[in-house]
Structure formats: C-alpha cells, structure tokens
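First comes the structure, then the notes that go with it.
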C-alpha cells in the first residue's frame, strides 16, 4: 500500500476540520462580551435554527426566550444583531434615547415605493415629517369634536349595512373595514366613498394584500440578505403586493390632484402639497417631497386600517363569547345615553365599564410587537452594550400579558380596569399604542373611532353567534396583526 494515497486525504480532512474550528472560534471571539445574553449562534445562520424549532407565533417565542435569558436579550440572524426588550421600565428608558429611535431600512418597500413617512423615517426626515403630520392632523380635528362628526356619520352608514343583513349570519370584517377605511379616506382625501365604489373596493383589496403574511414580510423587509433573493416566492409575492398597492394609491392621488388649489387645504394631502409648494418657493431644504407624500399617505392607510378593524372584530367576538359583558355595556349605555340618540365621545367619562371593556379588548394587543427600531450609534442599555446597526424589537405582547402585572392575563376581565368604586383605572403599563418618542401618531383618532363605532353597534344591536356555534377566540397570527380567525355572527336589532 502506498501510504501517500492515505495521508493526502487525511491532511485534507484535517485541514477542513481545522478551518471549521477556526471559523467558529473567530465567530465567538468577534461577539462583544457586553452584548445582552441570548441563544448560541451558528456562523451566518445565527440563531435561526433554534428559533425555527420553537412552535407558536413569534411574540410567544420571544416571551419564552425572555423567561430563559432575561428581559433584555439578543440573537443574530444572517449576521444581523437583534436585541429584544420585554420589560416595561427598560422599554421606557430605551424609547427616550435618541440612539434607539431610528428605523431599519425597509428593503422591499424602498425598491417599490421610494420615500419615507413618519413610521419609516429616522433622524432629520423623521423630525420634520413628524412635526408636520402631527400639526396637520390636529388642524384637521383628529381626536377633537370637529372630527367626531365624521366618524359618527360613517358609523351611521355602518349601522345601515348591518341592518341589511337581517336575521342572516355574516362575517363582520367587510362592513367594519369599509367604515374604518372611509374614515381614513376622509382624512387623506377629504371625502368618503360609497361602499360599492369600484375604486374603493380595489383600494381595500390592495391594502389587505399588502398586509398579507405580514410576519414573514417583516423578516424580508429588515434582513437585506433575504430581500435580495427576489426569486423566493415569499419575496416575489411581497414585491407584487407592494406594486399593486403603489399603483392603486398613485391613481387616487392623481385623481385628487385634479381638484387641488394651492393655498386651500381640504385634507392631509392638500396640506402636504401646500407645504411642499411653500418650501419650493422659499428654496428651503425639506423632506416634504412627492415621494414622501406618497409614502406618508400609504402609511396612514397601512397603519390605521388593519389595526382598528381587527380591534373592532375582537370586540364583537368577545361580546358574543361573553354575552353577560355585552348586556352590562348595553345597560350602562341605556342608563347614561338613553334610547333616543347614539352615544357621543363626550359620554366616555360616564361610561366607565364600556371603556374598561374596550381597554381589555385592546390588551389582546392587535400589534404584538412595535415596529422595529434601529440603534443609530453605540449606546448602553441596562448595563449592556448595544452597537450601532442593531435592530431593536419591543415585545408589547409580553408587557400586556405579564402575570406579574396582570392577574390571570389570558382571561378576559374588563374589571381589571376598574377601581373599587367602579371608576376607570389608569394603568401605567397599559400601552397598546406604544410609548416614547415613537408613540402612535394616530392614537387619538383610533381611540375615538373605537369608542364611537363600538358603542353605536351595541346601542343598536345585540350580537350573538349562529345557532349551535360556540364562539372561538383563536387568533390568526399569519399577518401583520394579531387578528381573530374568521367568524360569523347575527345582529339582532334592539327595541
């Protein structure tokens, strides 16, 4: 036997083994010692194999990891560091830091819809867009009595659609999202659409498709290495859905521009165009650009429609699952409001139990984790080093389901929001709209819309499941929101 024939392969095997060991050692040595703890990471793949082995939705996976590693932990995916926060005090501290207020790049969205809105911008663009948007929305009456009438008007159209269902069971999603979308249309375009309008139907369809598979799409957006693999079905579908939404929104903005008169602000879009014209006239540098108008309007629909629709769907589902709660809400309204008019937003202080029910519905948390943040410069949090470029995930679901704060957190108990006198109890850790510098811009609109629509529906109807059907509280976590699975109900008119 020629021993050289054996020795050469052995040397090759030894060399490969040595290279692998060297690679793993370098991988470990490169990890800063002060990073938050987390699972062991494979080269390139990071913690993806371990994460994939844990069953259940991502927010519950993160909660389980937090139980092992603590309220601040981290992991790598494709060489991208992700830091997860799920302690209220830590989150409050983090969201007040400028260094942790950035946004990661929305890779696919930037390919199909170049631009930035309040949700996606960072730094100076975010400061200007946030200041402009909050000022304009206040002037348009968002959260005030001037806008309440628009919501109340839309609620009457919704009530009529529900009456048309008669004694038949129906899925409430379509009628609810019609009303919610029209409130946003009034804000953005200055008018509502008939529910049968073809453009309106195509708009809702485009929005829904753009939000499909939102959990997977989020990974595609924030991990550049995946977003470049456009041959993957999930990436291609996300691109196609974004392009369809872009075409639809572009058509509506062009139609709206035909009635635009400089200096007159009928709505958010006009106000944006007027501000652009003023900046152009003075030659002042600005981030109020056509692309950013397009993106800002798109964000108003994307952020406002699905979240409010899903919250109202949960609210009605809980009412048919807990009929005694529904009865108590109706009794409170009958006592305070009476039967001769619909509830108004100004009735809220006199309807503490109704408010508590809505708070408990919101604790279900439609968006389980806040839109990711990005660390814009090296910083420290809870004694840990957070390097520039790290993505920050905030597990809101854990905050609102932490057994240390909420007794029997998985139970539906509106009474947890009432004190011993039956008055509404303000709970510091109840943060369905987030907190800090990036708190939801439309929270006042959402709160008004939820209250008016929910109370109007229960004032006029009693909701119940179809004959022989037990209401299921299962959730569909495949999209961008934590939404209930499809269900049907019957709306019985109240005398």
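Residue numbers (the numbering used here): -8 to 486.
From the three backbone atoms N, C-alpha and C, an ideal C-beta is built for every residue, glycine too.
Predicted, not measured: the structure shown is a model, and the values here were computed from it.
Exercise for review: Compute the beta-carbon to beta-carbon distance between residue 382 and residue 229, rounded to the nearest angstrom, for a pair I have assumed lies under 8 Å.
Suggested key: Between the beta-carbon of residue 382 and that of residue 229 there is about 18 Å, and that puts the pair past the 8 Å contact cut.
Exercise for review: Report all residues from its chain with a CB closer than 6 Å to the CB of residue 257; omit the five preceding and five following residues, and keep chain order.
Suggested key: 181
**Study point:** residue 453 in three-state terms, based on DSSP
**Key:** It is a strand residue.
Check your understanding: So, using beta-carbon positions, are residue 160 and residue 484 closer together than 8 Å?
Key -> no
Check your understanding: Roughly how many whole angstroms lie between the Cα atoms of residue 316 and residue 438?
Key -> 20 Å
Review point. Contact check, residue 294 vs residue 110 under 8 Å by CB: the rounded distance?
Key: 6 Å
Review point. Quick one: what's got a C-beta closer than 7 Å to residue 188's C-beta in the same chain, skipping five residues either side?
Key: There are no such residues.
**Study point:** Residue interval of the alpha helix (DSSP H) (run including residue 161)
**Key:** It is not in any alpha helix (DSSP H) - residue 161 carries neither H nor E in the DSSP assignment.
Point to revise | Residues of its chain near residue 319, where Cβ-Cβ distance is below 8 Å and the 5 sequence neighbours each way are ignored | key: 344
Point to revise | Span separating the alpha-carbon of residue 312 from that of residue 177 | key: When the Cα atoms are used, residue 312 and residue 177 turn out to be separated by approximately 33 Å.
Exercise for review: Could you spell out where the beta strand (DSSP E) holding residue 64 opens and where it closes?
Suggested key: 63 to 68
Practice item. Count the other C-beta atoms from every protein chain shown that fall within 10 angstroms of the C-beta of residue 255, then say buried if there are 16 or more, exposed otherwise. Key: With fewer than 16 other Cβ atoms from the protein chains shown falling within 10 Å of its own Cβ, residue 255 counts as exposed.
Check your understanding: Would you call the CB atoms of residue 442 and residue 278 closer than 8 Å?
Key -> Contact: no.
**Study point:** Contacts around residue 487, its chain only, beta-carbon distance under 6 Å, and the 5 residues preceding and following it disregarded
**Key:** This structure leaves residue 487 out entirely; the chain is present only between -8 and 486.
**Study point:** Beta-bridge partners of residue 385, as assigned by DSSP
**Key:** 76
Practice item. Would you mind stating whether residue 285 and residue 244 have Cβ atoms separated by less than 8 Å? Key: yes
Check your understanding: What number of angstroms, rounded off, separates the C-alpha of residue 305 from the C-alpha of residue 440?
Key -> Cα-Cα distance, rounded: 15 Å.
Point to revise | Rounded separation between residue 407 and residue 116 - CA only | key: 41 Å
Review point. Leaving out the 5 sequence neighbours to the left and right, which residues in its chain are closer than 7 Å to residue 270 when beta-carbon positions are compared?
Key: 277 and 279
Point to revise | Exposed unless 16 or more other CB atoms sit within 10 angstroms - verdict on residue 489 | key: Absent from the structure is residue 489, since the part of the chain shown begins at -8 and ends at 486.
Practice item. State yes or no: is the C-beta of residue 27 within less than 8 Å of the C-beta of residue 81? Key: With contacts defined as CB atoms closer than 8 Å, residue 27 and residue 81 fail to qualify as a contacting pair.
Check your understanding: Would the C-beta of residue 136 count as close to the ligand SAM, meaning under 7 Å from any of its heavy atoms?
Key -> This structure lacks the ligand SAM; in fact it carries no ligand of any kind.
Review point. Hey, quick one: how far does the alpha helix (DSSP H) through residue 302 stretch, first residue to last?
Key: 281 to 312
Practice item. Give the DSSP-derived three-state secondary structure of residue 370 in the structure shown. Key: Three-state result, residue 370: strand.
Point to revise | Rounded straight-line distance, which links the Cα of residue 328 to that of residue 321 | key: 10 Å
Practice item. Could you please give me the residues that DSSP links to residue 480 through a beta bridge? Key: 161
Check your understanding: Rounded to whole angstroms, how far is the Cβ of residue 467 from the Cβ of residue 476, which I believe are closer than 8 Å?
Key -> Yes, they are in contact, since the Cβ atoms of residue 467 and residue 476 sit about 5 Å apart, within 8 Å.
Check your understanding: What first and last residue would you give for the beta strand (DSSP E) that runs through residue 376?
Key -> 375 to 377
Exercise for review: Whole angstroms is fine: what's the gap from residue 154's alpha carbon to residue 236's?
Suggested key: 31 Å
Point to revise | Residue nearest to residue 446 in terms of C-alpha spacing, selected from 129, 150 and 56 | key: Its Cα nearest to that of residue 446, the residue 150 stands out among 129, 150 and 56.
**Study point:** Continuous alpha helix (DSSP H) stretch holding residue 242: start and end
**Key:** 224 to 248
Review point. So, residue 83 versus residue 426, is the Cβ gap smaller than 8 Å?
Key: yes
Practice item. State the CB to CB distance for the pair residue 421 and residue 350, rounded to an integer number of angstroms; the pair is presumed to be in contact (CB under 8 Å). Key: 6 Å
Review point. By how many angstroms is the C-alpha of residue 342 removed from the C-alpha of residue 399?
Key: 25 Å
Point to revise | Own chain, CB closer than 6 Å to residue 145, minus 5 neighbours either side, in chain order | key: Take residue 145, set aside five residues on each side of it, and the residues of its chain with a beta-carbon closer than 6 Å to its own are 170, 173 and 174, in chain order.
Review point. Residues in its own chain within less than 8 Å of residue -3 by CB, not counting five upstream and five downstream?
Key: Unreliable positioning characterises residue -3 in this predicted model, as indicated by a pLDDT of 46, which lies under 50. A coordinate reading is not provided.
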